[in-house]
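Which chain is which? The protein sequence lines are A and B, in order. For the first sequence, UniProt numbering gives the first residue as 1, with consecutive numbering after it. For the second sequence, UniProt numbering gives the first residue as 1, with consecutive numbering after it.
Protein chains: 2
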Amino acid sequence: MANITRRTQTMANITRRTQTIANMRTMATNKMTGKTKIELFYDIFSPYTWFAFEVLIRYKKHWNMDLELKPFLLAALSKSTGTTAPMLVPNKALYMTKDLIRCAQYFNVPLKLIEDPAELIFGKGSLIPNRFLIATSLLYPQHLESLSRALWMAVWNKDTDFTQPEVLTTAGLESGMSMQEIERALQHLTHQETKDLLRLHTQQALDYDAFGSPSIVAHVGEEPKLFFGSDRFPILAQEIGEVWMGPEPDNIKHKL
Amino acid sequence: MANITRRTQTMANITRRTQTIANMRTMATNKMTGKTKIELFYDIFSPYTWFAFEVLIRYKKHWNMDLELKPFLLAALSKSTGTTAPMLVPNKALYMTKDLIRCAQYFNVPLKLIEDPAELIFGKGSLIPNRFLIATSLLYPQHLESLSRALWMAVWNKDTDFTQPEVLTTAGLESGMSMQEIERALQHLTHQETKDLLRLHTQQALDYDAFGSPSIVAHVGEEPKLFFGSDRFPILAQEIGEVWMGPEPDNIKHKL
């Protein structure tokens, strides 16, 4: 009975919220019409970053923003800023395994736990897949988004070794690239232009005082605003004057 | 124009969400009617913990839960688990100052930045105020909630030294305690019973594999579920089958 009362109250509250959002439409007309530039600095070996990536992609049509995807090298950033991997604290590592699965459900992203995350992070590193992303963004920018997703699938769903050319090739094909495009992007991995752009993105993140992945930088107001992590979207929305509708704005559920 | 279209779309989405929640009422009747026990392990010198504390208090009447407030000693937990303070990484410390202010607005909690957080965390410590909370919970449990809030106000709004008896006394008075009650609680600080209960809470948190403050433990399903931080409420709601209505369920705004 108490349960039903509470649910009824919830309904009333949600109705009230709908009215509040109606009132906000007036506010919206006072806003500058220019789009907010939002930069997403990401390293595909960070699992939490995948959630942030998908959420921002989903909000491209809901928020008045220009989203710029900027692959960067987390290892280089961590070295410069003196951060350590949370998985080095045993209780944090244990928590992460549970938290990641809960977050995957909440964000509706097909992430799975992998066999040996330590080998991924401290062994393989993400230099090669990040360079593949950068090379692709230089040559075929239209594929950057889908290739990023395919590489996340490769490591954080299929647990394959994304430092291997055949895994990169498979991801490329899945993302809609032709064999010719993939081969050219692979050849481009060691070009100076590719190395320089990856370094530039990492340096830009550092210049924004970033210290981890994802780092989201919103250009609103007088100075760029940095947001860290996949759990600051309601606050990002607050700061850029947009509405947060949960992790799936096209399919709003109770899990706001 | 695009802005207005987006807002209209938002309205349609919110309406759809209302319907989803209506459907959930059916689900709710299948739920066990027993209340979910939720333990909040908290150290009042952690600013983010204040947000989590206020949110859980606000949800006491919205969620079918028994909330147990458990002051514990974060320094002891950190020592046991090997975690370090985020403020030791300069870029994290810089970010925190901005993030805390944004979060204070989002959560509607009157937190302010303090002059010397390093002195608070590495100098003063929180043993005395935590013992004051524990002594009060033993002698006058009805004051624990309001005293916790008053102590957070003392340090994270008024920037006073909560290791000093006069600050504890002021907080006690503000929380509705009588001078007699405050004096008795202060005398009780060094009683074995007080020391033991603070140690017990810290040990309990460790037993749940906690590593920071706040640690929220929900007793649902086969084993207790640990949630860390003030940014996991939508996921806590998902795990306990409740509805997240943003940080102010009594005053729902757009900032979900």
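The beta carbon of each residue, even a glycine, is placed where N, CA and C say it ideally should be.
Assignment of Met65/A by DSSP, reduced to helix, strand and coil, places it in the strand class.
When 8 angstroms is used as the limit between beta carbons, Thr163/A is near no residue of chain B, the shortest such separation being about 28 angstroms. Contact with chain B is absent for Asn108/A, since none of that chain's Cβ atoms lies less than 8 angstroms from the residue's Cβ. Beta-bridge partners assigned by DSSP to Phe228/B: Ser215/B. A contact is defined here as three or more CB-CB pairs under 8 angstroms, and the stretch 63 to 80 of chain B meets this definition with respect to the stretch 123 to 139 of chain B. When Cβ-Cβ separations below 8 angstroms define contact, Glu39/A makes no contact with chain B. In terms of CA proximity to Leu168/B, Leu151/B leads the group Gly176/B, Trp50/B and Leu151/B. Sequence-distant Cβ neighbours of Ile252/A in its own chain, meaning closer than 7 angstroms and more than five residues away, are Met245 and Gly246. Per the Cβ contact rule, the stretch 216 to 234 of chain A is in contact with the stretch 35 to 45 of chain A (3 or more Cβ pairs under 8 angstroms). Straight-line measurement puts the Cα of Glu54/A at about 24 angstroms from the Cα of Gln203/A. If only uninterrupted alpha helix (DSSP H) runs of at least 4 residues are considered, those enclosed by the stretch 111 to 184 of chain A are 127 to 139, 144 to 156 and 165 to 174. Counted as a single uninterrupted DSSP element, the alpha helix (DSSP H) harbouring Lys98/B occupies residues Pro90 to Phe107. The Cβ atoms of Leu113/B and Ile101/B sit closer than 8 angstroms to each other. One Cα belongs to Leu189/B, the other to Pro110/B, and the distance between them is close to 28 angstroms. Taking 8 angstroms as the cut-off, the beta carbon of Val220/A is found no closer than this to the beta carbon of Ile44/A. Using a Cβ-Cβ cut-off of 8 angstroms, Val89/B counts as an interface residue toward chain A, since at least one Cβ of chain A sits closer than that to its own.
Per DSSP, Glu248/B has no beta-bridge partner at all. Neighbours of Phe53/B in chain A, taken as residues at a C-beta separation under 8 angstroms, are lacking, since the least C-beta distance is about 18 angstroms.
Excluding residues up to 5 positions away in sequence, Leu69, Leu133, Thr136 and Ser137 lie with their Cβ nearer than 7 angstroms to the Cβ of Leu144/A in the same chain. For Glu39/B, the three-state secondary structure derived from DSSP is strand. By a beta-carbon distance limit of 8 angstroms, Tyr95/A contacts Leu226/B. Their separation comes to about 6 angstroms. The closest CA to that of Asp161/A, considering only Arg149/A, Glu119/A, Gly176/A and Glu181/A, is found on Glu119/A. The beta-bridge partner set that DSSP reports for Lys70/A consists of Phe41/A. A direct Cα-Cα distance of roughly 7 angstroms separates Leu139/B from Ala185/B. Within 8 angstroms of the CB of Phe228/B, the CB atoms of chain A belong to Tyr95 and Asp99, in sequence order along the chain.
In the three-state scheme derived from DSSP, where H, G and I count as helix and E and B as strand, Glu54/B is classed as helix.
Residues Ala150, Leu151 and Ala154 of the same chain have their beta carbon placed closer than 6 angstroms to that of Ala171/A, with the five preceding and five following residues left out of the count.
Ranked by Cα distance from Lys35/A, the first of Gly241/A, Glu248/A, Pro249/A and Asp250/A is Gly241/A. Counting C-beta atoms within 10 angstroms of its own C-beta, Gln180/A has fewer than 16 neighbours from the protein chains shown and is therefore classed as exposed. Put simply, the backbone Cα of Thr83/B is about 20 angstroms away from that of Leu198/B. The C-beta of Glu239/A comes closer than 8 angstroms to at least one C-beta of chain B. In the DSSP assignment, Glu222/B falls outside any alpha helix (DSSP H), carrying neither H nor E. Counting only the Cα atoms, Leu200/A lies some 43 angstroms from Tyr208/B. A check of alpha carbon separations from Glu248/B across Pro47/B, Ser46/B and Lys61/B identifies Lys61/B as the nearest. Around the beta carbon of Gly176/B, fewer than 16 other beta carbons lie within 10 angstroms, which makes this residue exposed.
A direct Cα-to-Cα measurement between Lys124/A and Ala76/A gives close to 14 angstroms.
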